[in-house]
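Student: For what it's worth, the numbering used here labels the leading residue of the sequence shown as 3, then goes sequentially.
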Amino acid sequence: MNTTLNSRKIIPIKKLFPVFLLAYALFQIVTLTDYPFIHSDEPWLSGLTRTMMHEGDLSATEYFFDSWERYPHALKTLFHLLQMPFLGLFGYSAFSVRLLSVLFSLLTLTVFYKIALLVLKDEKISLAFILALSFDNQFLYASRLARQEIIILFVLALSFYIFIKNIDNTKIIFDLLLASTIGLAIGIHPNSFIVAAAIGLCYVYSIFLKKKKGTNLLIYLFALAGVAAFYVFLSFQMDPDFLVHFFDRGAQFNVDRSVFEKLTAFGPFIGNIFTQNSLTYYMPNIRIQLVGFALVLILSFFYFIKVSILQHAFVQKNSALFPYLFLSILGILFGIISIGRYNVTSIVFFFPFCYLLLFFFIGQLHADRLASLIIVFLVAIHTLLVSDIYPNDYRHYLQDLSNYVEKDSKVLSNLNTEFYFDYDRLIDYRNLSHIEDRSLEDYLLREGIERIVYYEELDEIYTSSPSYDGVYGSMDETLPQLKAFLSEHGREIGQFTAPVYGTNISSKIGQKKWKITVYAVTAWP
3 MNTTLNSRKI IPIKKLFPVF LLAYALFQIV TLTDYPFIHS DEPWLSGLTR TMMHEGDLSA
63 TEYFFDSWER YPHALKTLFH LLQMPFLGLF GYSAFSVRLL SVLFSLLTLT VFYKIALLVL
123 KDEKISLAFI LALSFDNQFL YASRLARQEI IILFVLALSF YIFIKNIDNT KIIFDLLLAS
183 TIGLAIGIHP NSFIVAAAIG LCYVYSIFLK KKKGTNLLIY LFALAGVAAF YVFLSFQMDP
243 DFLVHFFDRG AQFNVDRSVF EKLTAFGPFI GNIFTQNSLT YYMPNIRIQL VGFALVLILS
303 FFYFIKVSIL QHAFVQKNSA LFPYLFLSIL GILFGIISIG RYNVTSIVFF FPFCYLLLFF
363 FIGQLHADRL ASLIIVFLVA IHTLLVSDIY PNDYRHYLQD LSNYVEKDSK VLSNLNTEFY
423 FDYDRLIDYR NLSHIEDRSL EDYLLREGIE RIVYYEELDE IYTSSPSYDG VYGSMDETLP
483 QLKAFLSEHG REIGQFTAPV YGTNISSKIG QKKWKITVYA VTAWP
């Protein structure tokens, strides 16, 4: 009789999750381009996808970087292949490429809900965990940005679920399944190494508990290496000097630093996230989460010792999956430090597991469900209060631009306008710092530039050099040449302002109405 009553209580909760997921999807779609602002990485990646589609070649490189030497590889081709149907079905826009991220955010939440049911063993607390995660401003940020983080997070969630679901199973089919899942993600982004590290640490712990065999770990590692070798092989077909160019590119992001340098750089990385210090990326205010998660991790460390080292029988019985949560976070940490490229967007990989730990400890309390609701409420209110939301700003920005520039004009402009122009019409400002053997005038003549969109932020970058050289490269030589060219061969045809999209410097966004002036090139020498 009790079982029947309990089942009746559980059924509505099971129905609530798909209802919530549908409502969440609608919310995401309605406000998709309002938060966060469109970052130049998004048209950069989608522009490369568009180039591949237009050229019919996965080894094609970005058309808008013609003076900046680019080298193809296979390590992100799967991501571009995933973008292609969205561009084909919904057209070329920021909205269509962000839809892919929304889809994977829904899949990620679904898998984490299944993980929560296994770990927390309570459907109400599991649903509360999903609500808190989905409303978190860092997760919202990743779930919309047309980059690879949310897909890698999905792969991390799926891999972790497969592992804990089959934790006592030593059949090699599951090792091969995990290796192929994670290995496939190399085609999304090399950050899939973070997933491999997290699951690898779980393997080591399972072997320690005699739940897995050393053979399982070896099969996992060799199969993973095999998939990685396949991507390297494909990359060599695209570029015979792939490894040279790959490591040269990595060196630009400090991935060639020593282990000690990478370790010591982690503190400043977290400090920059805490203080919202970033050159071009939007940085959500996540100070409360960082402090709260730090406390949860300290508590988790001592709890892990109690479970794993002291082997407290009662705690082990009621916390069988807890160590794997904690070890996954350590694995993510190891992966990020090993790579050494401290991109602020990668912080999202920690969030679901830290929230799971938080709700795990809440589950140990008598007032666990009330506490869960309070946390969900606080997370939602916090996100609402601290998030920078810009309704319709991007649409207005492109509308203002369209008053002075046709879609098919050959133009020198900011990469964030790429969604407006026809294919092969845009030349990005980043090219200017790579003009080596010719003058700016010769370069513009060769490109047949008809319109130049001049941003007030260029003056800010020039006068503050080298503080903002990371935006477009050094403008010390090219900006005076550009101004001289405009004074001789340019005619101003219009001006408008854009507080958000008038600058790529994140700390300057919204501080003023940035002026954008459009010039027509009237005569060539």
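Glycine residues also receive a C-beta, built at the ideal position from the N, C-alpha and C atoms.
Who are the Cβ neighbours of V317 in its own chain at under 7 Å, not counting the five residues just before and after it?
Tutor: On the sequence shown, position 315 is the one that residue 317 refers to. Residue placement at V317 is flagged as unreliable, the pLDDT there being 48, under the threshold of 50; the coordinate-derived value follows with that caveat. Same-chain partners within the cutoff: K308 and V309.
Student: Within the continuous alpha helix (DSSP H) that includes F363, where are the two ends?
Tutor: The residue labelled residue 363 in the question sits at position 361 within the sequence shown. Start and end: F353 to I364.
Student: I need the DSSP call for A118, collapsed to helix, strand or coil.
Tutor: The count along the sequence shown starts at 1 and reaches residue 118 at position 116. If DSSP states are grouped into helix, strand and coil, A118 belongs with the helices.
Student: Compute the distance between the beta-carbons of V99 and I31, then report whether it is under 8 Å.
Tutor: The residue you call residue 99 lines up with position 97 of the sequence shown. The residue you call residue 31 lines up with position 29 of the sequence shown. For V99 and I31, no; Cβs fall outside 8 Å.
Student: I need the boundaries of the alpha helix (DSSP H) containing F239, first residue and last residue.
Tutor: As a working note, residue 239 is residue 237 in the sequence shown. In the sequence under discussion, the amino acid at residue 239 is Gln, which differs from the Phe named in the question. G216 to M240 is the span of the alpha helix (DSSP H), which, as asked, contains Q239.
Student: V2 by DSSP, collapsed to three states: which one?
Tutor: What the structure shows of the chain is the stretch from 3 to 527, and residue 2 is not part of that stretch, so it cannot be assessed.
Student: In or out: F352 buried (at least 16 other Cβ within 10 Å) or exposed?
Tutor: One-based indexing of the sequence shown puts residue 352 at position 350. It is buried - the Cβ of F352 has at least 16 other Cβ atoms within 10 Å.
Student: On a CA-only basis, which of Y344, F303 and L34 is nearest L97? Give me that one, please.
Tutor: Taking the first residue of the sequence shown as position 1, residue 97 is located at position 95. The amino acid at residue 97 is misidentified as Leu; the sequence shows Phe. Nearest C-alpha to F97: L34.
Student: Which residues does DSSP pair with R453 in a beta bridge?
Tutor: Reading the sequence shown from its first residue, position 451 is the one you call residue 453. Note: R453 sits in a beta bridge opposite V413 and A522.
Student: In the DSSP assignment, the alpha helix (DSSP H) including T79 goes from what residue to what residue?
Tutor: Translated into positions along the sequence shown, residue 79 becomes position 77. That run of the alpha helix (DSSP H) goes T79 to F92.
Student: Three-state secondary structure (DSSP) at D430?
Tutor: As a working mapping, residue 430 is identified with position 428 in the sequence shown. Correct three-state label for D430: strand.
Student: How would you call E490, buried or exposed, if buried means at least 16 neighbouring beta carbons within 10 angstroms?
Tutor: Working through the sequence shown from its first residue, we reach residue 490 at position 488. It is exposed - the Cβ of E490 has fewer than 16 other Cβ atoms within 10 Å.
Student: Using DSSP with H/G/I as helix, E/B as strand and the rest coil, what is K308?
Tutor: Locating residue 308 in the sequence shown gives position 306, where the first residue counts as 1. Three-state result, K308: helix.
Student: Pull up the CB-CB distance for F106 and Y357, whole angstroms please, since I reckon it's below 8 Å.
Tutor: Translated into the one-based positions of the sequence shown, residue 106 becomes position 104. Translated into the one-based positions of the sequence shown, residue 357 becomes position 355. Contact doesn't hold; Cβ gap of about 18 Å is too wide.
Student: Using three-state DSSP, classify E125 as helix, strand or coil.
Tutor: For the purposes of this step, residue 125 is taken as residue 123 along the sequence shown, with counting starting at 1. Reduced to three states, the DSSP call for E125 is helix.
Student: What does the alpha-carbon distance come out to for the pair G365 and I117?
Tutor: As a first step, residue 365 is located in the sequence shown; it is residue number 363 there, counting from the start. As a first step, residue 117 is located in the sequence shown; it is residue number 115 there, counting from the start. Going from the Cα of G365 to the Cα of I117 covers about 15 Å.
Student: Taking the beta carbon of F176 as the centre, do at least 16 other beta carbons fall within 10 Å, making it buried, or is it exposed?
Tutor: Here residue 176 corresponds to residue number 174 of the sequence shown, with the count starting at 1. Buried, since its Cβ has 16 or more Cβ neighbours within 10 Å.
Student: In the DSSP assignment, what residue or residues form a beta bridge with G492?
Tutor: Walking along the sequence shown from the start, residue 492 turns up at place 490. Looking at the DSSP assignment, G492 forms a beta bridge with V523.
Student: For the alpha helix (DSSP H) containing P270, list its first residue and its last residue.
Tutor: Numbered from its first residue, the sequence shown carries residue 270 at position 268. From DSSP, the alpha helix (DSSP H) with P270 extends over V261 to F276.
Student: Spatial neighbours of N139 within its chain, please: C-beta separation below 8 Å, excluding the five flanking residues on both sides.
Tutor: Taking the sequence shown and counting its residues from 1, one reaches residue 139 at position 137. Correct list, in chain order: P286, N287, I288, H384, T385, V388 and S389.
Student: For K517, which residues does DSSP report across the bridge?
Tutor: Here residue 517 is taken as the residue at index 515 of the sequence shown, counted from 1. In DSSP, K517 forms a bridge with T499.
Student: Could you check if V229 belongs to the surroundings of the ligand SAM, using beta carbon to heavy atom distance under 7 Å?
Tutor: The ligand SAM is absent from the structure shown, which contains no ligand whatsoever.
Student: Grouping DSSP H, G and I as helix and E and B as strand, with all else coil, what is Y422?
Tutor: If you number the sequence shown from 1, residue 422 lands on position 420. Three-state DSSP puts Y422 in coil, outside helix and strand.
Student: Just confirm the distance between the C-beta atoms of R453 and S508, as a whole number of angstroms; I'd bet it's less than 8 Å.
Tutor: Locating residue 453 in the sequence shown gives position 451, where the first residue counts as 1. Locating residue 508 in the sequence shown gives position 506, where the first residue counts as 1. Going by Cβ atoms, the distance from R453 to S508 rounds to 27 Å, so no, they are not a contact pair.
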